[in-house]
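Colleague:
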RNA sequence: GGCCUGUUGGUGAAGGGGUUUAACACGCCACCCUCUCAAGGUGGUAUUCACGGGUUCGAAACCCGUACAGGCUACCA
């Protein structure tokens, strides 16, 4: 038969059949409701928040059903593939504890799972076997359209306001006699393989998306390319079909930009008679750009890249929490009732997912992160700060290592109480908020005492140090001594009285404490002064006042 | 141009015909507390759910149009 000749000409030496692969990759032996999900990025060297969110959902879905979450490298576009990209993705997943159950890493030669290879370029023969089957059945054909011809078709369609694409009469080679095709291939003509679509654009089919519910699409009637001419690798659509079929994916989580490909995927699954996985088309993460709103972009928006959160030093917990609140808005309420539960215990419900795009609220992230850090122990804050510094600020890291106990004492200010302070939003902020505690950074400083003369302040501070300051005072005594000093110098101790008649006083207790505060830190805003002085210790306190 | 999806405050959103004077969280504002901050406390922050029409005793919710926004429309995923 001619078709056979054609198929063998294009794919000589394929030894297996679809049935062979089906036995090679049998149904997974999992519980009834187990979900098999995958994270399937293309290796471009980035991790985009628009990929992270579906990945998180994949992970939750698999974990809470005792299913499988696997990583698949979608490198069919060889021109866009970047060396080491998968390894980078592995590191991001590891950083967020979203480790896949099945994967394949080239650098370490590690592979796990019996449904591999998990790298698409290594699955070429598998795809070709499926394509060959289609060729044999006359459901696919080689297409010799050149780039120029296709451009011309597209232009013509655009001009005539017709649908763009290779379909109907534009599919010039779909009915080319097999003999001619064989001849041209033998001649060495470049070709792509297209699906011979059976669809009718005017007919609709129903499709159930787990987020959007039942939807209606027109059937696909475009003869989409399923194999590229350049390297014989499949297009995304075809690889999706083959891989998710053989790997027994039960749920495909992907961005809504894929929704318009549903007719294509529907037809592909139909052609083979395979059951489609369930689809969860999740809303896009958007960005407000001036007056308009658009899809968040790794090029324009730093927060689109996952490295942004790492560089700033957001705890992984905070990032996950913030994204989970977008994933399901009842997540926050759940979290309130389950403060210590792992996020995978939350029951994700695609139906409760919004079907419109969402702006990612960095203020919200900050709030979550701040609350989270405030609930950590001083040791945990220290470890977090140290880990971040080792990566991004060697100098601060060595200071932290040198002053471990001292640093933890700083982080412990007003921490061990029901409502702890919320000073730190992310780890990179800690240095900026504590630098003055370290003599190494407390150099060449300038002081600003506002309306008071420096000489006068200096005298007051000297009096304070010599006559009033005692390191072993408790906070109450400490403050009453400051008040004594106030009274002596005619600074008001009663703020209400002061506010009524400020002209009766030289100043108030606020001014005096601020003299001390600025003298010790140069700043007018710091955490509790008493604690600061306790941590600095007598030696530093006196020395800093002397050095004024 | 075509196809698909959506549209409830500054943000994420709840609510799917009458107990909604539109929940909750973030943000913002004000006041209180207070040695400065942070935290905390109290209150405020959509007279109204894109718009127009319809169904109904009654609509943010149901229907139809319109507008707007986004996505896709590659041998990219």
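Numbering (our numbering), first residue to last: 1372 to 1919. Glycine included, C-beta positions come from ideal geometry on N, C-alpha and C.
1) Check whether the segment 1839-1857 touches the segment 1806-1816, counting contact only when three or more Cβ pairs, one atom from each stretch, lie closer than 8 Å.
2) Per the contact definition of three or more C-beta pairs closer than 8 Å, is the segment 1444-1457 in contact with the segment 1719-1736?
3) Rounded to a whole number of angstroms, what is the C-alpha to C-alpha distance between residue 1860 and residue 1786?
4) Can you list, in chain order, the residues of its chain whose CB lies under 8 Å from that of residue 1420, leaving out five sequence neighbours each side?
5) By DSSP, does residue 1911 sit in helix, in strand, or in coil?
6) Suppose you measure from the CA of residue 1362 to the CA of residue 1805; what does that come to, to the nearest Å?
7) Taking 8 Å as the threshold (C-beta atoms), are residue 1373 and residue 1582 in contact?
8) Can you look up residue 1729 in the DSSP assignment and give me helix, strand or coil?
9) Leaving out five residues before and five after residue 1616 in sequence, what residues of the same chain have Cβ atoms less than 7 Å from its Cβ?
10) Note down, in chain order, each residue of its chain lying with its Cβ closer than 7 Å to the Cβ of residue 1385, except the 5 sequence neighbours on either side.
11) What are the start and end residues of each continuous alpha helix (DSSP H) run of 4 or more residues lying completely inside the segment 1545-1580, in chain order?
12) How many Å lie between residue 1916 and residue 1833 at the Cα?
13) Please tell me whether residue 1587 and residue 1638 are closer than 8 Å, where the distance is taken between their beta carbons.
14) Reducing DSSP to helix, strand and coil, say where residue 1619 ends up.
15) So, using beta-carbon positions, are residue 1506 and residue 1381 closer together than 8 Å?
16) Any idea what DSSP makes of residue 1657, helix, strand or coil?
17) Going by DSSP, which residues form a beta bridge with residue 1584?
18) May I have a chain-ordered list of the alpha helix (DSSP H) segments no shorter than 4 residues that lie completely inside the segment 1786-1874?
19) Check whether the Cβ atoms of residue 1894 and residue 1904 lie closer than 8 Å to each other.
20) Who are the near neighbours of residue 1393 in its chain, counting only those whose CB is closer than 8 Å to its CB and skipping five residues on each side?
21) Helix, strand or coil for residue 1409? Go by DSSP, reduced to three states.
22) By the three-class DSSP mapping on this structure, what secondary structure does residue 1639 have?
23) How far does the alpha helix (DSSP H) with residue 1769 in it extend, from its first residue to its last?
24) Quick check on DSSP: helix, strand or coil for residue 1878?
25) Rounded to whole angstroms, what's the CA-CA distance from residue 1456 to residue 1481? Just pull it up for me.
26) May I ask which residues mark the beginning and end of the alpha helix (DSSP H) holding residue 1382?
27) In the DSSP assignment, what residue or residues form a beta bridge with residue 1426?
28) Look at the Cβ atom of residue 1686, then the Cβ atom of residue 1744, and state whether they are nearer than 8 Å.
29) Would you call residue 1699 buried or exposed, if buried means 16 or more other Cβ atoms sit within 10 Å of its Cβ?
30) Can you tell which of 1522, 1737, 1885, 1777 has its C-alpha closest to the C-alpha of residue 1808?
Modeller: Straight from the coordinates:
1) The answer is no - the segment 1806-1816 does not touch the segment 1839-1857, with fewer than three Cβ pairs under 8 Å.
2) The segment 1719-1736 vs the segment 1444-1457: no contact.
3) Locating residue 1860 in the first chain gives position 489, counting from the first residue. Locating residue 1786 in the first chain gives position 415, counting from the first residue. Rounded to the nearest angstrom, the two C-alpha atoms are 35 Å apart.
4) Here residue 1420 refers to the residue found at position 49 of the first chain. 1656, 1667, 1674, 1675, 1676, 1677, 1694, 1731.
5) In the first chain, the residue the question calls residue 1911 occupies position 540. DSSP places residue 1911 in helix when its eight states are reduced to three.
6) A question about residue 1362 goes unanswered here, because the residues of the chain that appear run from 1372 up to 1919.
7) Here the question's residue 1582 lines up with position 211 in the first chain. Here the question's residue 1373 lines up with position 2 in the first chain. No, the pair does not count as a contact, with Cβ atoms beyond the cut-off.
8) By 1-based counting over the first chain, the position of residue 1729 is 358. The answer is strand: DSSP assigns residue 1729 an E or B state.
9) Counting from one through the first chain, the residue named residue 1616 turns up at place 245. Result list for residue 1616: 1645, in chain order.
10) If you number the first chain from 1, residue 1385 lands on position 14. Correct list, in chain order: 1496, 1499, 1500, 1503.
11) 1549-1558
12) Here residue 1916 corresponds to residue number 545 of the first chain, with the count starting at 1. Here residue 1833 corresponds to residue number 462 of the first chain, with the count starting at 1. Between residue 1916 and residue 1833, the C-alpha separation is close to 7 Å.
13) Translated into positions along the first chain, residue 1587 becomes position 216. Translated into positions along the first chain, residue 1638 becomes position 267. Not in contact: residue 1587 and residue 1638 (Cβ atoms no closer than 8 Å).
14) Here residue 1619 corresponds to residue number 248 of the first chain, with the count starting at 1. Residue 1619 falls in the coil class under three-state DSSP.
15) Here residue 1506 refers to the residue found at position 135 when the first chain is read from its first residue. Here residue 1381 refers to the residue found at position 10 when the first chain is read from its first residue. For residue 1506 and residue 1381, yes; Cβs fall inside 8 Å.
16) Sequence index remark: in the first chain, residue 1657 carries index 286 (1-based). In the structure shown, residue 1657 sits in a strand (DSSP, three-state: E or B).
17) Position 213 of the first chain holds residue 1584. Paired residues: 1580.
18) As far as the segment 1786-1874 is concerned, its whole alpha helix (DSSP H) runs of at least 4 residues are 1799-1805, 1825-1834, 1846-1860, 1866-1871.
19) As a working note, residue 1894 is residue 523 in the first chain. As a working note, residue 1904 is residue 533 in the first chain. Not a contact, by the Cβ cut-off of 8 Å.
20) The sequence position of residue 1393 within the first chain is 22, counting from 1. Excluding positions up to five away in sequence, the list reads 1617.
21) Counting from one through the first chain, the residue named residue 1409 turns up at place 38. Looking at residue 1409 - three-state DSSP - the assignment turns out to be strand.
22) Within the first chain, the letter at position 268 stands for residue 1639. The answer is helix: DSSP assigns residue 1639 an H, G or I state.
23) Position 398 of the first chain holds residue 1769. Residues 1765-1773.
24) Start at 1 with the first residue of the first chain, and residue 1878 comes out as number 507. In the three-state reduction of the DSSP assignment, residue 1878 falls in the strand class.
25) Stepping through the first chain from its first residue, residue 1456 is reached at position 85. Stepping through the first chain from its first residue, residue 1481 is reached at position 110. Residue 1456 and residue 1481: Cα-Cα distance of roughly 15 Å.
26) Residue numbering aside, residue 1382 sits at position 11 when the first chain is read from its first letter. Careful: residue 1382 lies outside any alpha helix (DSSP H) and carries neither H nor E.
27) In the first chain, residue 1426 corresponds to position 55, counting from 1. The partner list for residue 1426 (beta bridge, DSSP) is empty, contrary to what the question assumes.
28) The sequence position of residue 1686 within the first chain is 315, counting from 1. The sequence position of residue 1744 within the first chain is 373, counting from 1. Yes, the Cβ-Cβ distance between residue 1686 and residue 1744 is below 8 Å.
29) Working through the first chain from its first residue, we reach residue 1699 at position 328. By the 10 Å Cβ count, residue 1699 comes out buried.
30) Locating residue 1808 in the first chain gives position 437, where the first residue counts as 1. Of the candidates 1522, 1737, 1885, 1777, 1777 places its Cα closest to the Cα of residue 1808.
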